[in-house]
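Just below is one structure, and these are the notes that go with it.
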Amino acid sequence: MSQEGLLRPGIAQLRVLDIDEAITHYVDRIGLDFVSKEADGRVYLKGYDEFHRHSVVLREADTAGIDLFAFKADCQESVDGFRKRIEEYGLEVEDVPAGEQPGVGPRIAFTIPSGHRIELFAEMDLSDNGPETSNPYTWKTEPRGMRAQRMDHCLLYGPNIDKVEEFFTKVLDFHLPERVDLPDGTLAIWMTVSNKAHDIAFVKHDEPGKLHHLAFFLEDWNDIGHAADLMARYDISRDVGPTRHGITRGQTIYFFDPSGNRNEVFSGGYTAYKDHPTRVWDGNHVGRGIFYYERQLNEAFLSVVT
Amino acid sequence: MQPVPTQRKCAIRIKGDPKLYVCGRDEKVLLALESAGQAAINVGCRRGGCGVCRVRVIAGDYSTAKMSRAHVTEEEEAQGYALACRLIPATDLEIETAFLGREARRERLQPATSLEEE
Chain X
17 MSQEGLLRPG IAQLRVLDID EAITHYVDRI GLDFVSKEAD GRVYLKGYDE
67 FHRHSVVLRE ADTAGIDLFA FKADCQESVD GFRKRIEEYG LEVEDVPAGE
117 QPGVGPRIAF TIPSGHRIEL FAEMDLSDNG PETSNPYTWK TEPRGMRAQR
167 MDHCLLYGPN IDKVEEFFTK VLDFHLPERV DLPDGTLAIW MTVSNKAHDI
217 AFVKHDEPGK LHHLAFFLED WNDIGHAADL MARYDISRDV GPTRHGITRG
267 QTIYFFDPSG NRNEVFSGGY TAYKDHPTRV WDGNHVGRGI FYYERQLNEA
317 FLSVVT
Chain Y
418 MQPVPTQRKC AIRIKGDPKL YVCGRDEKVL LALESAGQAA INVGCRRGGC
468 GVCRVRVIAG DYSTAKMSRA HVTEEEEAQG YALACRLIPA TDLEIETAFL
518 GREARRERLQ PATSLEEE
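Chains as they are written, first to last, in this note's numbering: chain X, 17 to 322; chain Y, 418 to 535.
Take a look at the structure:
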């Protein structure tokens with residue numbers, strides 16, 4: 017196996033104001049499969065094309081936002097190795113016992129300089145409702161709603177972006193396909209631990225721990241159009257799109273869940289390899305980088321977060 | 418037979434804005450303002466989470482749908498603060514913007530990053 021260490025985004029846990037409205041949104045509209053609701057009220061969901069038990073966790077709370085974003089490693093030894101490197105870097109590591117989320121092994125958790133809680137884990141049960149592996153059909157049951165295949169990435173807002181870049185690239189072995197550099201410093205970074213154009217991204221912001229969006233992967237531009245039709249039909253609060261990002265080249269719609277957390281449906285995007293150079297955008301072209309057709313940033317992109 | 422009285426829509430006034438806006442009694446104030454093209458109140462998530470449409474109700478009766486306590490605490494709610502996207506008029510309303518900049522928001526509340534909270 018050539019990809020070692022961290023493999024991919026594994027879990028996003030979001031805070032929602034009303035769990036039933038959130039289930040309707042994420043299951044019926046976005047099309048995630050309902051996995052379970054546990055005694056503490058948390059709801060577990062997965063995309064139809066995901067093999068493991070869950071990828072999205074919803075927790076009812078009195079604020080919106082993101083509790084944690086977790087990456088899955090190839091084995092426990094890798095997680096142990098990262099723990100050592102994270103502690104050597106100077107971050108405090110907290111243990112989350114196996115079973116804190118059902119079907120998930122032990123996790124390690126730490127708060128990065130942008131104020132976000134990031135976790136690593138190696139073990140999660142395979143889903144009993146995953147894609148077929150023996151002479152598989154494209155899908156077992158026709159996908160629902162926006163037909164989200166998987167939880168794909170998140171964009172987080174917070175301070176100390178330079179330290180975040182250093183930590184992810186030097187400690188967690190991410191690489192950096194794309195960045196926005198302004199005269200007064202780095203505005204934004206897109207990083208990946210796989211060869212997707214991004215697994216996680218950050219924008220400089222003075223409030224720590226903020227969520228800009230959690231993204232779901234769709235098959236293609238046609239499915240982005242279908243998602244837009246569903247947003248019109250079900251009065252889903254739309255932010256921007258359908259459009260394309262210059263950065264990652266992904267085709268996209270930004271919209272909001274019933275608690276105001278921004279979601280994205282995303283398709284396409286180029287393939288990024290570790291030996292590729294970083295693409296750099298400057299302040300005169302960042303509008304086209306973020307919204308390729310509109311060619312300008314809107315105020316909401318920079319200020320509306322949960 | 419008495420005709421069923423049609424419920425009058427509510428007039429929304431924004432402090433400092435000479436225009437009068439109209440909002441149904443089952444409608445959120447922000448959506449009525451947005452469709453009328455007003456610019457004084459920011460439009461963000463429209464779902465009670467991001468806080469950019471924070472207002473204070475100066476006069477009038479209303480109800481609110483669930484909104485993030487990061488932006489309107491219970492105490493502030495009792496003082497007439499609300500998110501316009503969660504604000505439903507029962508009578509004519511007069512409101513003013515109470516938007517908190519990032520700086521003020523950061524000082525109010527730190528984000529919840531621990532699983533142990535609540």
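C-beta: ideal position from N, C-alpha, C; glycine also.
These numbers come from a predicted model, not from an experiment.
- Each of Y:Leu-500, Y:Thr-508, Y:Pro-506 and Y:Ala-507 was checked against the Cα of Y:Thr-514, and the nearest Cα belongs to Y:Leu-500.
- Taking the C-beta atoms as reference points, X:Ile-82 is found nearer than 9 Å to X:Leu-227.
- At a cut-off of 9 Å between beta carbons, Y:Ser-485 contacts chain X.
- The three-state reading of DSSP puts X:Asn-211 in coil, since its state is none of H, G, I, E or B.
- Looking from the CA of X:Pro-199, the closest CA among X:His-169, X:Val-296, X:Asn-279 and X:Thr-268 belongs to X:Val-296.
- At least one C-beta of chain X is nearer than 9 Å to the C-beta of Y:Arg-463.
- Relative to the Cα of X:Leu-107, the nearest Cα in the group X:Val-219, X:Thr-322, X:Glu-315 and X:Ser-130 belongs to X:Ser-130.
- Between X:Ile-240 and Y:Gln-496, the alpha-carbon positions lie close to 43 Å from each other.
- Legend: CB atoms of the segment 449-475 of chain Y lying less than 9 Å from CB atoms of chain X belong to residues Asn-459, Val-460, Gly-461, Cys-462, Arg-463, Arg-464, Gly-465, Gly-466, Cys-467, Gly-468 and Val-469.
- Contact between X:His-169 and X:Ala-243 fails: their C-beta atoms lie close to 17 Å from each other, not under 8 Å.
- Between X:His-191 and X:Thr-208, the beta carbon gap of about 6 Å places them in contact (Cβ cut-off 8 Å).
- Under the three-pair Cβ rule at 8 Å, the segment 103-123 of chain X does not count as touching the segment 40-47 of chain X.
- X:Phe-87 has a beta carbon lying at 9 Å or more from every beta carbon in chain Y.
- Look at the beta carbons and you see the segment 52-64 of chain X not touching the segment 89-97 of chain X: under three pairs across the two are nearer than 8 Å.
- X:Ala-38 and X:Gln-19 have their alpha carbons spaced roughly 35 Å apart.
- Under the criterion of beta carbons closer than 8 Å, X:Gly-303 and X:Ser-283 do not qualify as touching, at roughly 22 Å.
- Take the alpha-carbon of X:Ser-150 and the one of X:Thr-259: they are about 37 Å apart.
- Scanning chain Y for C-beta atoms nearer than 9 Å to the C-beta of X:Ala-38 yields nothing, as the closest lies near 11 Å away.
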